[in-house]
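Working notes, structure below.
In structure tokens:
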């Protein structure tokens with residue numbers, strides 16, 4: 102395995118009804134809080150009002166920024182930065198899923214940059230120390246609740262780009278499984294695909310000797326795959342929701358990826374798809390990842406065979422054949438839980454493939470396992486049709 | 102699984118030659134450093150002088166405290182506290198294994214307590230914020246490099262007791278596998294038993310639904326068990342040393358124990374043994390743990406069967422029988438790597454068992470899976486003979 106630095110200072114507060122801790126935690130960071138949220142579903146279930154009340158009961162002054170969408174937009178980030186500056190806000194509290202958290206992180210990052218926040222994404226300008234971020238998570242998927250990454254879309258330029266910085270790790274994240282029980286099943290499932298995809302990006306690489314990390318990765322895969330049918334059967338199964346929630350956090354908090362080269366080409370390809378078509382991130386990943394796997398399997402057939410054997414119990418001596426069967430089993434799994442695995446099934450045809458391949462390779466060839474040029478990405482996108 | 106808080110802010114710097122980072126890291130915390138170390142083996146290999154030079158080259162003023170022993174003593178802790186107070190030292194740097202780190206942590210904890218430091222252990226007085234601790238680790242075993250625990254012995258009172266506080270997590274820990282290659286094989290093996298025992302303490306409990314945590318625990322067990330023979334064959338295998346090192350840290354940094362009731366009776370029993378006979382901690386655990394397992398298996402036979410099936414591949418329908426076979430396989434494993442599993446094999450007879458049982462239950466009955474009275478502990482110690 103490679104040398105690494107692991108430093109994840111986020112405080113996780115996990116469990117049923119831990120939402121009640123939000124005021125107590127938030128007030129450690131000041132009096133004025135920007136409450137960032139999404140599109141209204143948390144209002145319908147009463148969670149929004151409950152959190153506002155908890156904050157106010159703890160003596161906090163609440164400024165509200167609503168409207169963060171899946172594939173969150175830079176426009177809202179700009180608005181947030183302005184609100185924080187004008188009101189001298191001390192803490193950003195993200196109440197929602199990955200899009201809300203990433204909006205909050207981008208606001209924090211943009212706050213201490215003198216130019217336009219999009220420069221941090223587009224021109225990779227350095228990110229400086231900034232105000233703290235807290236999280237109340239409502240969807241198992243992103244991992245953003247316990248890392249320093251954020252992904253934001255710019256609809257004008259049709260770009261979806263990411264930043265990463267030690268300064269935007271949440272100070273605390275409240276993971277209350279109850280808050281995830283009302284998520285509609287399709288979004289629950291896209292979240293599950295997202296979790297598995299995060300694991301894949303770190304698992305399928307060329308690094309040898311990261312034995313523990315890979316076993317941790319397989320632990321998450323097995324746990325997610327065995328727990329998903331329970332959720333389909335009973336979406337309000339709080340224990341199953343909690344297990345998936347904790348899998349989501351561990352899939353992207355660093356512990357399965359340390360000391361590894363890692364991949365991330367599929368994420369870049371998916372970001373290009375959702376920049377152009379605004380499809381849910383997890384759905385895009387369910388389509389792209391299996392085809393990426395088929396495209397690169399010849400580079401690391403032993404790793405795909407390990408996946409096939411340890412996750413799906415497939416037997417056989419030929420790594421390539423066994424590995425291919427493992428990929429097919431993954432596709433079967435996605436289809437069995439009702440997640441489409443082809444672009445044609447979600448109404449996307451070959452019209453803008455070239456443009457997506459162009460966007461995906463904006464910063465040069467993608468990934469590590471096999472360096473993917475624009476041509477390669479186009480080939481994979483064609484396989485996705 | 103139970104609700105939990107997970108907050109582990111230690112920065113891990115892992116990999117071959119990362120020792121070279123020590124000056125750069127340490128100087129973030131001040132100019133005056135107390136270098137705590139052990140009994141000379143790190144001097145023989147030149148590591149001590151190298152670290153001193155690295156610190157001085159970074160402009161640090163180095164105060165030296167040598168002599169921390171396995172089962173580290175409170176006397177040295179008192180001496181360290183005095184040195185820190187007299188010289189206005191700003192950082193404690195522990196260069197060594199668990200005993201050295203725990204000495205450093207106890208110095209830090211005692212520094213901001215007005216009375217005698219032993220009160221923190223014996224009377225569980227509250228621990229206050231204190232100066233930072235850094236670590237350069239030389240043995241895979243303790244986990245102390247990434248948690249807030251410390252265990253110290255008082256030879257006058259023949260007690261070995263622990264403290265735990267968020268204020269004594271190391272700020273940084275340097276894990277350089279090269280520093281562990283010269284550890285003698287017997288101590289390497291005791292370290293390995295220590296790692297497995299930390300996993301067992303968190304794995305064998307009554308909590309249901311901590312599925313991911315238990316798979317992570319099994320990942321560590323499997324990785325340690327498959328890697329140990331490689332080390333026996335070639336003690337200088339840096340890759341294998343690195344894998345074991347990372348297993349040791351993950352065994353006690355919280356991730357496998359969160360949301361679980363946990364056990365820890367065997368550790369309390371072992372602490373009583375080494376308080377009286379000063380045996381290496383890992384060796385004591387190799388003797389106590391299998392007998393504790395046999396004594397409590399009827400409480401959670403399904404969990405012992407899970408261990409037997411997932412770690413040793415044992416088949417069968419009767420959880421109790423399968424579980425017992427798993428325990429025997431563990432004993433076989435310890436014996437196969439040359440670690441004794443009976444008190445009689447290390448020259449301890451039944452003379453002071455009563456006294457050890459008394460010491461072990463100083464604060465009341467032990468553990469959770471089965472609450473162990475002094476009588477129970479005595480029974481287990483007799484089984485250890």
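Residue numbers (the numbering used here), protein chains in the order written: chain W, 102 to 486; chain D, 102 to 486. By construction, the Cβ of each residue, glycine as well, lies at the ideal position given by its N, Cα and C atoms. What you are looking at is a predicted structure, and each value in this text was computed from that prediction instead of being measured.
Under 9 Å by beta carbon: chain D residues contacting residue i
i, result
"residue 249(W)", "Result: empty, since nearest Cβ-Cβ is about 13 Å, beyond 9 Å."
"residue 340(W)", "102, 309, 310"
"residue 117(W)", "104"
Close-in-space but distant-in-sequence residues of the same chain around residue i (CB under 6 Å, 5 per side omitted)
i, result
"residue 310(W)", "102"
"residue 165(W)", "136"
"residue 105(D)", "359, 360"
"residue 373(D)", "457, 460, 461"
"residue 342(W)", "278, 281, 282"
"residue 447(D)", "441"
Opposing strand residues paired with residue i [DSSP bridges]
i, result
"residue 164(D)", "135(D)"
"residue 113(D)", "107(W), 274(D)"
"residue 195(W)", "137(W), 236(W)"
"residue 251(W)", "264(W)"
"residue 174(D)", "254(D)"
"residue 482(W)", "Its beta-bridge partners do not exist; DSSP assigns none."
"residue 346(W)", "Partner(s): none; residue 346(W) has no beta bridge."
"residue 463(W)", "In DSSP, residue 463(W) forms no bridge with anything."
"residue 473(D)", "467(D)"
Sequence-distant residues of the same chain with beta carbon closer than 7 Å to residue i, five excluded per side
i, result
"residue 211(D)", "178, 182, 218, 221"
"residue 431(W)", "391"
"residue 344(W)", "324, 328"
"residue 140(W)", "168, 170"
"residue 197(W)", "138, 139, 143, 169, 239"
"residue 234(W)", "193, 195, 205, 206, 209, 269, 271, 272"
"residue 301(W)", "390"
"residue 503(D)", "Outside the displayed span of chain D (102 to 486) sits residue 503(D), for which this structure offers no information."
"residue 444(W)", "388, 485, 486"
Cross-chain neighbours of residue i in chain W, by beta carbon under 9 Å
i, result
"residue 316(D)", "316, 317, 319, 320, 321, 323, 324"
"residue 172(D)", "None at all; the shortest Cβ gap to chain W is about 28 Å."
Chain-order list of residues whose beta-carbon lies under 8 Å from that of residue i (same chain, five-residue window excluded)
i, result
"residue 314(D)", "102, 303, 356, 357, 358, 359, 360, 361"
"residue 108(D)", "267"
"residue 122(D)", "114, 275"
"residue 283(W)", "142, 146"
"residue 189(W)", "133"
"residue 224(D)", "none"
Interface partners of residue i on chain D, CB under 8 Å
i, result
"residue 413(W)", "Result: empty, since nearest Cβ-Cβ is about 16 Å, beyond 8 Å."
"residue 356(W)", "351, 356"
Closer than 8 Å at the beta carbon, the chain W residues around residue i
i, result
"residue 344(D)", "102, 310, 312, 313"
"residue 301(D)", "By Cβ distance, chain W contributes nothing, its closest Cβ being about 17 Å from residue 301(D), past 8 Å."
"residue 385(D)", "None at all; the shortest Cβ gap to chain W is about 26 Å."
"residue 107(D)", "112, 113, 115"
"residue 360(D)", "115, 116, 347"
Chain-ordered neighbours of residue i on chain W, where CB pairs are closer than 7 Å
i, result
"residue 351(D)", "313"
The region 372–383 of chain W contacting the region 455–466 of chain W, beta-carbon criterion three pairs below 8 Å
yes
Identify every run of the alpha helix (DSSP H) within the region 255–340 of chain W, keeping only runs that are complete inside it and at least 4 residues long; order them along the chain.
286–304, 312–334
Taking three-plus beta-carbon pairs below 8 Å as touching, is the region 110–122 of chain D in contact with the region 459–471 of chain W?
no
Length at least 4, wholly inside the region 372–427 of chain W: the alpha helix (DSSP H) runs in chain order
382–397, 402–413
Cβ contact (3+ pairs, closer than 8 Å) linking the region 236–251 of chain D and the region 390–405 of chain D:
no
Are the region 239–248 of chain D and the region 335–355 of chain D in contact at 8 Å, needing three or more beta carbon pairs?
yes
Is there contact here, the region 321–329 of chain W with the region 332–342 of chain D, by at least three beta-carbon pairs under 8 Å?
no
Is it a yes or a no for the region 150–158 of chain W touching the region 124–139 of chain W, going by three-plus beta-carbon pairs under 8 Å?
yes
Contained alpha helix (DSSP H) runs [length at least 4] in the region 199–232 of chain W, N- to C-terminal order
199–212, 219–223
Contact the region 292–307 of chain D vs the region 361–370 of chain D: 3+ CB pairs below 8 Å:
yes
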